[in-house]
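Working notes for the structure below.
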Amino acid sequence: MRIATYNINGIKARLLRLLEWLGETTPDVVCLQELKSQDEGFPAADIEAAGYQAIWHGQKSFNGVAILSRAGLDLHETQRGLPGDPEDAQSRYLEAAVNGVIVGCLYLPNGNPQPGPKFDYKLAWMERLAARGEALLACEAPVILAGDWNVIPTTTHDDTFSVRAMADDALMQPESQAAFRRILAQGWIDAIRTFQPSGPAYTFWDYQAGAWARDAGFRIDHLLASPVAADRLVRAGIDRAYRGREKASDHVPVWVELR
DNA sequence: ATGCCTCGCACAGCGAGA
1200 MRIATYNING
1210 IKARLLRLLE
1220 WLGETTPDVV
1230 CLQELKSQDE
1240 GFPAADIEAA
1250 GYQAIWHGQK
1260 SFNGVAILSR
1270 AGLDLHETQR
1280 GLPGDPEDAQ
1290 SRYLEAAVNG
1300 VIVGCLYLPN
1310 GNPQPGPKFD
1320 YKLAWMERLA
1330 ARGEALLACE
1340 APVILAGDWN
1350 VIPTTTHDDT
1360 FSVRAMADDA
1370 LMQPESQAAF
1380 RRILAQGWID
1390 AIRTFQPSGP
1400 AYTFWDYQAG
1410 AWARDAGFRI
1420 DHLLASPVAA
1430 DRLVRAGIDR
1440 AYRGREKASD
1450 HVPVWVELR
């Protein structure tokens, strides 16, 4: 079973690119982030015509997450919204079981500018995610936590084109990295790094300043596998070339394959 | 030091992204 995550930066603006990628790579399960659409605007009919069923959690203008799975797989929602704060109205978390594999689809807050309330929200959200992660690890089922984590895991060229350029960014602050490490320390495996332990493995390139052309990217889209899922991990990859297409998202798809 | 580019909203230019 191949499970992918893709921050598409607007599902309406990106629909043709999304359908193209689905057709070309035929993932079994897809976690989408940044729908930037209300529930009513989700292109369910187009997704279905492409051979996928879907659940989605939208929001006007911002955020929004969805989980797609190939028609015929057993998909059912297990959680809508990240637990732990009834005041939080942002649509950033959706979770489902697909043929027995639990898939958490997350869009972690950016947190810029830091310091400030947005950074505080990011760190608080990561605490809530850690709590959810702990609960999921208590399940017997394999679990994949996939999404746009908005965290550059290490302060190295492996994860960012420029340590200096990102030094003050919320994505690379010690607090963000520590929170990410705390989640990993629960027992999760960073799937991409299992197959590519070192060297640049970027998943995002800014639209500005010719970032793609000069490979000025960073690694912020991650799939974390629970120990049970990690035992079944046979491959992981980054669909880098899609960044070069017309009207591309600023993120590219990242995926794992489970035996 | 700032903007660079893109999207959504809504119809002009701004907030947000990262």
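In the numbering used here, the protein residues as written are 1200 to 1458.
C-beta atoms are modelled at their ideal positions from N, C-alpha and C, and glycine is treated no differently.
Distance, residue j Cα to residue i Cα
i     : j     : result
L1214 : L1457 : 27 Å
R1269 : P1242 : 16 Å
E1247 : K1235 : 19 Å
H1256 : G1250 : 20 Å
C1304 : M1325 : 14 Å
L1221 : E1233 : 17 Å
W1454 : S1425 : 15 Å
A1323 : P1282 : 12 Å
P1373 : I1266 : 31 Å
E1445 : I1437 : 18 Å
E1339 : A1408 : 46 Å
P1352 : S1397 : 12 Å
Exposure label - residue i; buried when at least 16 CB within 10 Å
i     : result
N1298 : exposed
E1294 : buried
A1377 : exposed
T1359 : buried
D1414 : exposed
G1271 : exposed
R1331 : buried
H1275 : exposed
P1308 : buried
A1366 : exposed
R1418 : buried
6 Å CB neighbourhood of residue i in its chain, flanking five on each side removed
i     : result
D1273 : N1298
W1411 : W1404 and R1442
D1224 : It is worth fixing the name first, because residue 1224 is Thr in this sequence and not Asp. Around T1224: no qualifying Cβ.
V1300 : P1341
Under the three-state DSSP convention, the category residue i falls into
i     : result
F1460 : For residue 1460 there is no data in the structure shown, the boundaries of the chain being 1200 and 1458.
E1247 : helix
V1228 : strand
D1405 : coil
E1456 : strand
Q1252 : strand
S1448 : coil
E1239 : helix
D1389 : strand
D1347 : strand
R1442 : helix
Q1313 : coil
E1459 : Because the chain spans 1200 through 1458 in this model, residue 1459 falls outside it and cannot be assessed.
L1281 : coil
F1261 : coil
Sequence-distant residues of the same chain with beta carbon closer than 7 Å to residue i, five excluded per side
i     : result
N1311 : K1317, D1368 and A1369
D1449 : N1208, F1403, W1404, D1405 and Y1406
Contacting residues, own chain, Cβ-Cβ under 8 Å from residue i (five flanking each side not counted)
i     : result
K1211 : K1235, S1236, G1240 and P1242
A1337 : none
Whole-Å CB distance - residue i paired with residue j, under 8 Å assumed
i     : j     : result
H1356 : I1391 : The pair is not a contact, with the Cβ atoms about 16 Å apart (cut-off 8 Å).
I1174 : I1202 : Lying before the first or after the last residue shown, residue 1174 is absent from the chain, which here runs from 1200 to 1458.
Residue i Cβ short of 7 Å to the ligand FMN heavy atom set
i     : result
R1213 : The model depicted lacks the ligand FMN and carries no ligand whatsoever.
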